[in-house]
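In order, the protein sequences belong to chains A and B.
Just so you know, this note's numbering puts the end of the first sequence at 219, numbered straight through with nothing missing.
Just so you know, this note's numbering puts the end of the second sequence at 1262, numbered straight through with nothing missing.
Ideal Cβ placement from N, Cα and C applies to all residues, glycine included.
Keep in mind it's a predicted model, so treat the numbers as computed, not measured.
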Amino acid sequence: MDWKFIAEYIPLYQEAAALTVKIGIAGIAAAIGTGLVCGMIGYYRVPVLGRIVSAYVELSRNTPLLIQLFFIYYGLPKIGIRTDAKACGMAGLAFLGGGYMAETFRSGIEAVDAIQEESACSLGLNKVQTIWYVILPQALAVSMPAFVANVIFLLKETSVFSAVSLMDLMFTAKDLIGIYYNTTESLFLLVIFYLLILLPVSVLGSILERRARYAGFGT
Amino acid sequence: MEREVLEISHLRKQYDGQTVIDDLSLTVHEGEVIVVIGPSGCGKSTLLRCVNALEDIQGGQIRLHGEPISQKSRNLQQLRQKVGMVFQNYELFPHMNVLDNILLAPVKAQKRARREVKEEAMALLGRVGLENRAESYPRQLSGGQKQRVAIVRALCMHPELLLFDEVTAALDPEMVREVLEVILDLADQGRTMLVVTHEMQFARAVADRIIFLDQGRICEEGPPETFFDAPKTERAEKFLKTFTFERKNKSKSGIRPGEEKL
Ligand SMILES: Nc1ncnc2c1ncn2[C@@H]1O[C@H](COP(=O)(O)OP(=O)(O)OP(=O)(O)O)[C@@H](O)[C@H]1O
Ligand SMILES: [Mg+2]
């Protein structure tokens, strides 16, 4: 192992990691928003929108992120929507993640007993208050394990960003291997940096899961 | 006669074409306690659920202080705030502690000041013997305690009418009493209530009027003494018999092993 090489290129990886994390956070946040809205539309079986949402969910979950990215990066400009690599990465993550999150939230809402909604309504709370104060907190607690799994899955999926020439971790590693043939060191750094990003998320995730389990349930 | 709180006229409720409540009319006056009894499936729960518009209705009208209440009411939220409902399985919100369960609707739906409601909630919790459980979560309470919290939660909305649907049916026998005593206390305060119960002794004690439902219709109604001691209809008599037990043969002649005669 060439430690001098490793020391020299750590800053490059740091930069790439920062980019991965930034796009990851933005994309996942958008995925959560998309998922919440779609999950609610799915659960309440909103007439036309419900159909559109279920088509979207199937499309996003059954096509690879790489292809979604190609479509956004090379396809959209053809119909006049220009995207730069970063926006494209975020949009791809939001598109893919939105479908997974929608299913996670929908099943969480379904797990909340319908009579809880009636109980809230009978107290005179309106629909929005009922969802916000009574249904969603319980639904989120139920879907926390699946939610955490989604976040980790999406962060790992960022490794295909290099395909649209985003200078992320994967791109950096491939680049260095191409120039210096230091395969071992480059891949070693790649693994280390992915672990550095994902391990804290995992740990935080299991804390959240434990809390969610404690927060509810068992009447 | 006192003012009318609830007027149900010619109510009809169907589930997929099957009639569950059939041309039912009932007026509840202020301060009156009505106990609804009847065999399983006769429509007691459905009746209560119609009263606060948890169900849509297929015919007739329900009016609360003269105002029609149905799922189409524009001011449904306001109307529902006047009707407190207590469910068989408590339906407390499991992710909130006792106090937050009670404060949610008064603060969010009625926009009352949290501090003022909290004072009232603590006083009411005190009355039902739960002043030291305000910070507990529902899962930390016994069934009887949960049901008393649910009653306090309903009361804090200052309802004009209280609905109780078999609120002791899920409780262990020793907890039934603590809940029923709270309801008796409310009756003494002059609350207007519509109570569904299978506890006949309690029904007799608390009711001003008994409504006996059978197959979605009022089969018999009257003061509890008359209803329990001298039911007018055969159907009611038969129903009341299901609560008493008799042995046909009490001349214990004994039986020795090997002598069983079948
Ligand atoms: N959601 C529903 N869909 C279809 N039928 C229903 C529904 N809810 C109730 N019913 C039917 O309506 C009838 C009345 O039901 P309801 O729950 O009001 O009876 P109940 O008098 O409360 O009985 P119990 O004493 O067992 O609680 C029953 O025959 C029941 O099968
Ligand atoms: Mg019932």
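Compute the beta-carbon to beta-carbon distance between residue i and residue j, rounded to the nearest angstrom, for a pair I have assumed lies under 8 angstroms.
i         : j         : result
Val1152/B : Leu1124/B : 5 angstroms
Cys1050/B : Lys1013/B : 6 angstroms
Leu1103/B : Ser122/A  : So it is not a contact: roughly 16 angstroms between Cβ atoms.
Gln1088/B : Ala1170/B : 6 angstroms
Asp1022/B : Arg1217/B : 5 angstroms
Ile1057/B : Ser1070/B : 6 angstroms
Glu118/A  : Tyr43/A   : That belief does not hold up - the Cβ atoms of Glu118/A and Tyr43/A are roughly 16 angstroms apart, past 8 angstroms.
Tyr13/A   : Thr172/A  : 6 angstroms
Ala16/A   : Met167/A  : 6 angstroms
Ala1150/B : Leu1092/B : 6 angstroms
Pro1067/B : Arg1209/B : The question names Pro, but residue 1067/B in the sequence shown is Glu. Contact doesn't hold; Cβ gap of about 23 angstroms is too wide.
Ala1203/B : Val1035/B : 4 angstroms
Phe1212/B : Ile1037/B : 6 angstroms
Glu1135/B : Asn1097/B : 5 angstroms
Ile179/A  : Lys86/A   : Ile179/A to Lys86/A, Cβ: 24 angstroms. No contact.
Leu1006/B : Gly1060/B : Not quite, the Cβ-Cβ distance comes to about 13 angstroms (not below 8 angstroms), so this is no contact.
Mind listing the chain B neighbours of residue i? Cutoff is C-beta to C-beta under 8 angstroms, in chain order.
i        : result
Ile115/A : Phe1087, Asn1089 and Glu1091
Ala141/A : His1095
Hey, would you say the C-beta of residue i is under 7 angstroms away from at least one heavy atom of ligand 1?
i         : result
Lys1111/B : no
Gly1043/B : yes
Gly1017/B : no
Val1051/B : no
Val191/A  : no
Thr1046/B : yes
Val1020/B : yes
Gly1038/B : yes
List, in order along the chain, the chain B residues whose C-beta lies closer than 7 angstroms to that of residue i?
i        : result
Glu118/A : Leu1054
Leu36/A  : Neighbours of Leu36/A on chain B: none; closest Cβ ~18 angstroms, over 7 angstroms.
Tyr133/A : Leu1104 and Lys1108
Taking 7 angstroms as the cut-off, is the CB of residue i close to at least one heavy atom of ligand 2?
i         : result
Glu1166/B : yes
For residue i, go through chain A and note every residue whose CB falls closer than 7 angstroms to its CB, in chain order.
i         : result
Met1157/B : Leu123 and Gly124
Just the chain B side, please: which residues come within less than 9 angstroms of residue i by C-beta, in chain order?
i        : result
Pro137/A : Phe1093, His1095 and Met1096
Can you pull the chain D residues whose beta carbon is under 8 angstroms from the beta carbon of residue i, in chain order?
i        : result
Gln129/A : Going by chain labels, chain D is absent from the structure shown, which instead holds the protein chains A and B.
Report the neighbours of residue i on chain A: residues whose CB is nearer than 8 angstroms to its CB, in chain order.
i         : result
Arg1080/B : Cys121, Ser122, Leu123 and Gly124
Gln1077/B : Gly124, Leu125 and Asn126
Does at least one heavy atom of ligand 3 sit under 7 angstroms from the Cβ of residue i?
i         : result
Pro1231/B : For the structure depicted, ligand 3 is absent and the ligand set comprises only ligand 1 and ligand 2.
Report yes or no: do three or more beta-carbon pairs, one from the region 85-94 of chain A and one from the region 55-71 of chain A, lie closer than 8 angstroms?
The region 85-94 of chain A, when compared against the region 55-71 of chain A, does touch it at the 8 angstroms Cβ threshold.
With contact counted as at least three CB pairs below 8 angstroms, one residue from each stretch, are the region 17-37 of chain A and the region 100-108 of chain A in contact?
Contact between the region 17-37 of chain A and the region 100-108 of chain A is present: three or more C-beta pairs spanning the two stretches fall below 8 angstroms.
Counting beta carbon pairs with one atom in the region 128-142 of chain A and one in the region 181-191 of chain A, are three or more of them shorter than 8 angstroms?
Judged by Cβ distances under 8 angstroms, the region 181-191 of chain A makes no contact with the region 128-142 of chain A, as fewer than three pairs qualify.
Tell me whether the region 177-186 of chain A and the region 144-152 of chain A touch, counting them as touching only if at least three CB pairs, one residue from each stretch, are closer than 8 angstroms.
Between the region 177-186 of chain A and the region 144-152 of chain A, the count of Cβ pairs shorter than 8 angstroms is below three; the stretches do not touch.
Does the contact criterion of 3 or more C-beta pairs under 8 angstroms hold for the region 1068-1077 of chain B versus the region 1025-1042 of chain B?
Verdict: no, contact absent.
Stretch-stretch touch, CB-based, cutoff 8 angstroms, three pairs: the region 1148-1168 of chain B with the region 1189-1200 of chain B
A contact exists between the region 1148-1168 of chain B and the region 1189-1200 of chain B.
When you compare the region 146-157 of chain A with the region 50-58 of chain A, are there three or more beta-carbon pairs, one atom per stretch, that lie closer than 8 angstroms?
No: the two stretches stay apart, fewer than three of their Cβ pairs being nearer than 8 angstroms.
Segments assigned alpha helix (DSSP H), at least 4 residues, entirely inside the region 34-106 of chain A:
Scanning the region 34-106 of chain A for uninterrupted alpha helix (DSSP H) segments of 4 residues or longer gives 47-61 and 65-70, listed from N- to C-terminal end.
Pairs of beta-carbons, one from the region 1104-1113 of chain B and one from the region 1135-1147 of chain B, closer than 8 angstroms: are there three or more?
Three or more Cβ pairs closer than 8 angstroms define a contact, and the region 1104-1113 of chain B falls short of that threshold against the region 1135-1147 of chain B.
Whole alpha helix (DSSP H) runs in the region 1160-1209 of chain B with 4 or more residues, listed along the chain?
For secondary structure counted as the alpha helix (DSSP H) over 4 or more consecutive residues, the region 1160-1209 of chain B holds these complete runs in sequence order: 1173-1188 and 1200-1206.
contact_flag[the region 149-156 of chain A, the region 196-205 of chain A] where n(CB pairs < 8 angstroms) is 3 or more:
The answer is yes - the region 196-205 of chain A touches the region 149-156 of chain A, with three or more Cβ pairs under 8 angstroms.
Pick out the complete alpha helix (DSSP H) segments inside the region 1048-1136 of chain B, 4 residues or longer, and give them in chain order.
The alpha helix (DSSP H) runs lying completely inside the region 1048-1136 of chain B and spanning 4 residues or more are 1076-1081, 1098-1108 and 1114-1127, given in chain order.
Mind pulling the beta strand (DSSP E) runs of 3 or more residues that sit fully within the region 100-141 of chain A?
Runs found: none.
Residue ranges of each alpha helix (DSSP H) within the region 153-187 of chain A, 4 or longer
The qualifying runs are 169-180.
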